[in-house]
Amino acid sequence: MGGETSKIRRPKSAGTKKSTTSQSTQKLTPEIKKTDSIGCTDNLLNVDFGTRTRNSSRSSLDSNINRSRSGSICSSRSNLSRQKHPISSRDRHLIQSCFQNPHEIIGHKILQRANEKRNGFANFYNKLSNDERDEIEEEIKVLLKKTVANINFIDEVQRLAEEFGGKHVKFRALGFKPDFFGAYADATITECIFLDNAIHPAHHVLTAFSSFITMVFSSVRDGFYAEMRRMRRASNSFSTGSNSSCMRKTISGDFNNIDSLPRLMFLLICRK
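Below is the structure:
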């Protein structure tokens, strides 16, 4: 009897254990599922959001880099287009080929032609000494030789032309005017055309030298005005410096003389 009862009780205990464990698991499983589902979804959302934000930030950086690169390329291309040479390569080659012919007295010819064609220029030309005429003739020849040699480099051509124009400021005392650069330009175009010796068509030579000489003498005029502004600034700074030094000397002298104190007070009030 004892063995049978024990056999009967064992399955009951096992059943009860199974039922209790099943009940406990049934009670626990929904809580575990809820916590796991909430935690997993939260983590997944956070991970997805982080990866998406990282990916979006990277893509935005890449797009910004691409935009900056494209912008820099566009700007460089625009700069290149802005710096495009105003004279065609054919005309530049024509100009350089003309200056391979003898041209050692071209400065003298240009100055003589400007004197003959411009009435106002003749007054200035007659006031020049022989040395000053030789100086201008040599400077014109050197300007043309150097600008033609550097015709492919616009910056160098402009620098040489501005330097030539700045040297003519000293001739203002003899009646030189900036308008006389027009007489220089017209005479230069005519004399440069003669250098071709009728090898090329006349209209091609005229077009090439007209565009080149116009570009050169526009920079010549700019250099003339730039030198005038520089000299005016220098003279103004010198005059203000001399006035201040004179004021300091008078004030120091007045301090040594006690009787002149009213004058000193007057000077200080006027200075304020």
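Under full-length UniProt numbering, the first residue of the sequence shown is numbered 1, with each subsequent residue one higher.
Heads up, the beta-carbon is just placed ideally off N, CA and C, and yes, glycines get one too.
Quick caveat: nothing in here was measured; it's all calculated off a predicted structure.
Okay, do the segment 161–172 and the segment 226–236 touch, 3+ Cβ pairs below 8 angstroms being the bar?
yes
Cutoff 7 angstroms; reference residue 106; Cβ partners in own chain excluding five residues on either side
Start at 1 with the first residue of the sequence shown, and residue 106 comes out as number 106. Cβ within range, chain order: 141, 144, 191.
Under 8 angstroms, Cβ to Cβ, is there at least one residue of chain B near residue 140?
Looking at the structure shown, chain B is missing, and only one protein chain is on hand.
If you draw a straight line from the alpha carbon of residue 232 to that of residue 163, how long is it in whole angstroms?
Taking the first residue of the sequence shown as position 1, residue 232 is located at position 232. Taking the first residue of the sequence shown as position 1, residue 163 is located at position 163. Computed Cα separation, rounded: 17 angstroms.
Spatial neighbours of residue 157 in its chain, beta-carbon cut-off 8 angstroms, leaving aside the 5 residues before and after:
As a working note, residue 157 is residue 157 in the sequence shown. 147, 150, 151, 215, 216, 219.
If residue 183 sits next to residue 133, beta carbons under 8 angstroms apart, how far is it from one beta carbon to the other, in whole angstroms?
Counting from 1 along the sequence shown, the entry for residue 183 is found at position 183. Counting from 1 along the sequence shown, the entry for residue 133 is found at position 133. Between residue 133 and residue 183 the Cβ distance is about 15 angstroms, and since that is not below 8 angstroms, they are no contact.
Under the three-state reduction of DSSP, which class applies to residue 175: helix, strand or coil?
Here residue 175 corresponds to residue number 175 of the sequence shown, with the count starting at 1. Correct three-state label for residue 175: coil.
Where residue 165 and residue 136 are concerned, what is the direct C-alpha to C-alpha distance, given to the nearest angstrom?
Here the question's residue 165 lines up with position 165 in the sequence shown. Here the question's residue 136 lines up with position 136 in the sequence shown. Going from the Cα of residue 165 to the Cα of residue 136 covers about 11 angstroms.
Whole-angstrom Cβ separation of residue 87 and residue 211, contact assumed at under 8 angstroms?
Position 87 of the sequence shown, counted from the first residue, corresponds to residue 87. Position 211 of the sequence shown, counted from the first residue, corresponds to residue 211. About 5 angstroms separates the two Cβ atoms, so the contact holds.
What span of residues does the alpha helix (DSSP H) with residue 155 cover, start to end?
Here residue 155 refers to the residue found at position 155 when the sequence shown is read from its first residue. That run of the alpha helix (DSSP H) goes 154–166.
On the CB-based measure, 16 or more other CB atoms within 10 Å of its CB, does residue 120 come out buried or exposed?
Along the sequence shown, one-based indexing puts residue 120 at 120. Exposed is the call here.
Along the chain, where does the alpha helix (DSSP H) containing residue 126 start, and where does it finish?
Your numbering for residue 126 matches position 126 in the sequence shown. Residue 126 -> alpha helix (DSSP H) spans 119–127.
Report the option in 179, 85, 98 whose CA atom is closest to the CA atom of residue 209.
As a working note, residue 209 is residue 209 in the sequence shown. Closest by alpha carbon: 98.
Near residue 173, which residues of its chain fall below 8 angstroms by C-beta distance, leaving aside the five closest residues on each side in sequence?
The sequence position of residue 173 within the sequence shown is 173, counting from 1. Hits under 8 angstroms: none found.
Determine the burial state of residue 130: buried for a count of at least 16 other Cβ atoms within 10 Å of its Cβ, exposed for fewer.
Translated into positions along the sequence shown, residue 130 becomes position 130. Exposed, by the Cβ-count rule.
Three-state secondary structure (DSSP) at residue 213?
Taking the first residue of the sequence shown as 1, we reach residue 213 at position 213. Residue state, collapsed to three classes: helix.
Who are the near neighbours of residue 103 in its chain, counting only those whose CB is closer than 7 angstroms to its CB and skipping five residues on each side?
Position 103 of the sequence shown, counted from the start, is the residue given in the question as residue 103. Correct list, in chain order: 195.
Suppose contacts are defined by Cβ-Cβ distances below 8 angstroms. Is residue 113 in contact with residue 161 by that definition?
The sequence position of residue 113 within the sequence shown is 113, counting from 1. The sequence position of residue 161 within the sequence shown is 161, counting from 1. Result no, Cβ atoms of residue 113 and residue 161 do not sit closer than 8 angstroms.
Closest to residue 199 by CA distance: which of 85, 100, 84 is it?
Sequence index remark: in the sequence shown, residue 199 carries index 199 (1-based). For residue 199, the nearest C-alpha among the options comes from 100.
Take residue 159 as the anchor and find which of 91, 237, 84, 221 has the nearest alpha-carbon.
For the purposes of this step, residue 159 is taken as the residue at position 159 of the sequence shown. If we check each option's Cα against that of residue 159, 221 comes out closest.
Could you check the C-alpha separation between residue 204 and residue 180 for me, to the nearest Å?
Taking the first residue of the sequence shown as 1, we reach residue 204 at position 204. Taking the first residue of the sequence shown as 1, we reach residue 180 at position 180. Each residue's alpha carbon lies about 26 angstroms from the other.
Cβ-based neighbour list, residue 95, same chain, cut-off 7 angstroms, excluding 5 preceding and 5 following
Translated into positions along the sequence shown, residue 95 becomes position 95. For residue 95, where only same-chain residues beyond five positions count, the Cβ hits under 7 angstroms are 148, 151, 208, 209, 212.
8 angstroms Cβ shell around residue 176 - same chain, five flanking residues per side excluded:
Against the sequence shown, residue 176 aligns to sequence position 176. For residue 176, where only same-chain residues beyond five positions count, the Cβ hits under 8 angstroms are 124, 168.
Does DSSP classify residue 115 as helix, strand or coil?
Within the sequence shown, the letter at position 115 stands for residue 115. Residue 115: helix per DSSP, three-state reduction.
For my contact list, residue 85 and residue 154 are in at a C-beta cut-off of 8 angstroms; report their separation, rounded to the angstrom.
As a first step, residue 85 must be located in the sequence shown, where it is residue number 85. As a first step, residue 154 must be located in the sequence shown, where it is residue number 154. Right, the Cβ-Cβ distance comes to about 6 angstroms (below 8 angstroms), so this counts as a contact.
What first and last residue would you give for the alpha helix (DSSP H) that runs through residue 97?
Taking the first residue of the sequence shown as position 1, residue 97 is located at position 97. That run of the alpha helix (DSSP H) goes 89–98.
May I ask you to report which of helix, strand or coil DSSP gives residue 227?
Numbered from 1 along the sequence shown, position 227 holds the residue referred to as residue 227. The answer is helix: DSSP assigns residue 227 an H, G or I state.
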